[in-house]
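J.: One structure, as structure tokens, below. Some questions next.
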Amino acid sequence: MTQERAEIASLLESESERKDVLIQGWVRTRRDSKSFFFLELNDGSCLKNIQVVVTGETPGYEELKAVRTGASVSVLGDLVPSQGKGQKWEAAAKEISLIGDSCETYPLQKKRHSMEFLREISHLRPRANLFGAVFRVRSRLSFAIHRFFQEHGFFYVNTPIITASDCEGAGDLFKVTTLDMHEPPRSEDGLLDFSQDFFSQPTYLTVSGQLEGEAFATSLGKIYTFGPTFRAENSNTSRHASEFWMVEPEIAFCDLEQDMGWAEDFVKWVIKDILDYCQDDLSLFFQFVDKTLEERLKFVVERPFHRVSYTEAIHILHNSDKKWEYPVMWGANLQSEHERFLTEEHFKSPVTVYDYPRDVKPFYMRGNDDGETVAAMDVLVPGIGEIIGGSQREERLDRLLDNMKAHGISHEEYSWYVDLRRYGSVPHAGFGLGFERLLMFVTGVANIRDVIPFARTPGTV
Ligand code: 4AD
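Note that the numbering used here has the sequence shown beginning at 8, numbered continuously upward.
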């Protein structure tokens, strides 16, 4: 029977010595001495490497004594207390062999590389310490998100990726078509003839699963989606990706106040989970990425978020002596500089801004009694700005139809959505969290391209 390999994470946490363990991993460094050499091996199971001591008598010594960084090797040995500083255990090799060689062009040699360079080698960068840590935390954060919702009675719903609806109405849609782009069929009026397309109508990659999520919330009560989302906005910023993952809970019998409570509790809960379960990886971010990160994460977990209405936020921005690139004006969307001022400088904590002007928001948001605002909310955090956008949905049939008309949305195309208000309509609310934005917040990594395994942004795939 083939021996099972022992993962370095579990070896380094071992309570006692172990005989004949099989370790397989990639060489990070080799240090030579006269009659033996040390290898630092990493297998991706944790941030730390294990030190392997290979003496001249070890079978495989000759073959491996010039092994290069990046090569993969297999070691059979004993786990023994280490003489070295800062490590409890090391492996004394009894047998070592090469699995896959490396060569001098291996780009991850032991020196600091720029983030831009590492982006060009997305296929190898997870082998670098920082990226290994980011992607292990990404995995745990996904799990924490599922745990939060599953433990709070939410059902996981998979909403479609190909859709005919533009949920956000912002027009940032990637088209999905099988029409011949060189000679597309045209109708008599010269327009593209989508009746000949694959789905017999224009279709897109989804910008949000919310509308379908509402159908399931008004059936199952509490649901969440968690999946890829696509936006063709040409925003070349450190916070925008063309393909990102969004988490969208939707809750029946819920108003904006309760929705804000869910959003805030959720953010606190998942950050606490990461603080509890990803200590090693976090220590790298605390030390090398952002010295104030640890304090910020603990602050978020322990302290309440500030809540402020959009109108109050505009007053605060007006009364500050900041010079704004974009003017502060009641009725306009808050820009990133405004959001970051509120959370980083004014409140110095996460902030939930609510009741936005109706004219800057999509058709589905519930109108407030003042006739000018809608029951919308955004959660803003220091260093990033907006990580969550949500709202109470318009559950009143007549109001929804009016909104759709005002936004030029066809009642026929969205008749299924309107049905949800025809048959047992209930107050309901939800929100969307940008998964990568939360990951940036948790790791302190400043560019969204560096928390996505293979980032898709304008001009690059
Ligand atoms: O505010 P947004 O556009 O809200 C919606 O799509 C609603 N349908 C959500 C809902 O109520 N169910 O997007 C939600 C979040 C933003 O707060 C942001 O964190 C993230 O999605 N986001 C992006 N993340 C990365 N790259 C982009 N281009 C993003 N656009 C939005």
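Every residue, glycine too, gets a C-beta built ideally from N, C-alpha and C.
(1) With a floor of 4 residues, list each alpha helix (DSSP H) that falls wholly inside the region 340-367, ordered by position along the chain.
(2) Going along the chain, which unbroken runs of the beta strand (DSSP E) with 3 or more residues stay wholly within the region 86-124?
(3) For Val543, tell me which candidate among Ile169, Asp377, Ile394 has the shortest Cα-Cα distance.
(4) Taking 7 Å as the line, does the beta carbon of Ser23 fall inside it for any heavy atom of the ligand 4AD?
(5) With distances taken Cα to Cα, identify the nearest neighbour of Thr213 among Pro191, Ala177, Ser194, Phe201.
(6) Could you have a look at Thr299 and say whether DSSP puts it in helix, strand or coil?
(7) Please return the same chain residues whose Cβ sits closer than 8 Å to the Cβ of Ser398, not counting the five positions on each side in sequence.
(8) Can you give me the Cβ contacts of Leu198 inside the same chain, cut-off strictly under 8 Å, excluding the 5 residues immediately before and after it?
(9) Cβ of Ile455 versus every heavy atom of the ligand 4AD: is any distance shorter than 7 Å?
(10) Mind checking who Leu199 pairs with in its DSSP beta bridge?
(11) Check whether the Cβ atoms of Val34 and Leu18 lie closer than 8 Å to each other.
(12) Consider the C-beta atom of Glu219 and the heavy atoms of the ligand 4AD; say whether any pair is separated by less than 7 Å.
(13) Can you name, in chain order, every residue of its own chain whose Cβ lies under 6 Å from the Cβ of Tyr333, other than the five neighbours on each side?
(14) As a quick exercise: from Val164, Arg365, Met411, pick the residue whose alpha carbon is nearest that of Gly228.
(15) Any idea what DSSP makes of Ala382, helix, strand or coil?
(16) Identify which residue in Ile455, Phe43, Thr76, Val386 has its Cα closest to the Cα of Gly68.
(17) So, does the region 448-468 touch the region 255-262, judging by three or more C-beta pairs under 8 Å?
(18) Within a Cβ cutoff of 7 Å, which residues of the same chain sit near Ser194, ignoring the five residues on either side of it in sequence?
T.: Looking at the coordinates:
(1) Qualifying alpha helix (DSSP H) stretches, in chain order: 343-347.
(2) Runs of the beta strand (DSSP E) spanning 3 or more residues and lying entirely within the region 86-124 occur at 96-107, in chain order.
(3) Lying before the first or after the last residue shown, residue 543 is absent from the chain, which here runs from 8 to 468.
(4) In the sequence shown, counting from the first residue as 1, residue 23 sits at position 16. Checking every heavy atom of the ligand 4AD against the Cβ of Ser23, none is found closer than 7 Å.
(5) The residue labelled residue 213 in the question sits at position 206 within the sequence shown. Each of Pro191, Ala177, Ser194, Phe201 was checked against the Cα of Thr213, and the nearest Cα belongs to Ala177.
(6) For this step, residue 299 is matched to residue 292 along the sequence shown. The answer is coil: DSSP assigns Thr299 none of H, G, I, E or B.
(7) In the sequence shown, the residue the question calls residue 398 occupies position 391. Only Leu263, Asp266, Lys368, Tyr371, Met372, Arg373, Val381, Ala382, Ala383, Met384, Ala436, Gly437, Phe438 meet the Cβ criterion.
(8) By 1-based counting over the sequence shown, the position of residue 198 is 191. Nothing listed; no residue qualifies.
(9) Residue mapping note: residue 455 aligns to position 448 of the sequence shown, counting from 1. For Ile455, the Cβ falls inside the 7 Å cut-off from some heavy atom of the ligand 4AD.
(10) Working through the sequence shown from its first residue, we reach residue 199 at position 192. Note: Leu199 sits in a beta bridge opposite Arg193.
(11) Start at 1 with the first residue of the sequence shown, and residue 34 comes out as number 27. Start at 1 with the first residue of the sequence shown, and residue 18 comes out as number 11. With contacts defined by Cβ atoms closer than 8 Å, Val34 and Leu18 do not form a contacting pair.
(12) Numbered from its first residue, the sequence shown carries residue 219 at position 212. No, the Cβ of Glu219 stays beyond 7 Å of every heavy atom of the ligand 4AD.
(13) For this step, residue 333 is matched to residue 326 along the sequence shown. Excluding residues within five positions, the ones whose Cβ falls inside 6 Å are Gln342.
(14) In the sequence shown, residue 228 corresponds to position 221, counting from 1. The shortest Cα separation from Gly228 among Val164, Arg365, Met411 belongs to Val164.
(15) Counted from its first residue, the sequence shown places residue 382 at position 375. DSSP places Ala382 in strand when its eight states are reduced to three.
(16) Taking the sequence shown and counting its residues from 1, one reaches residue 68 at position 61. A small fix is needed here, since residue 68 is Tyr in this sequence, not Gly. If we check each option's Cα against that of Tyr68, Phe43 comes out closest.
(17) Result no; under three Cβ-Cβ pairs closer than 8 Å.
(18) Looking up residue 194 in the sequence shown gives position 187. The beta carbon of Ser194 sits closer than 7 Å to the beta carbons of Asp200 from its chain, once the five residues preceding and following it are set aside; these are given in chain order.
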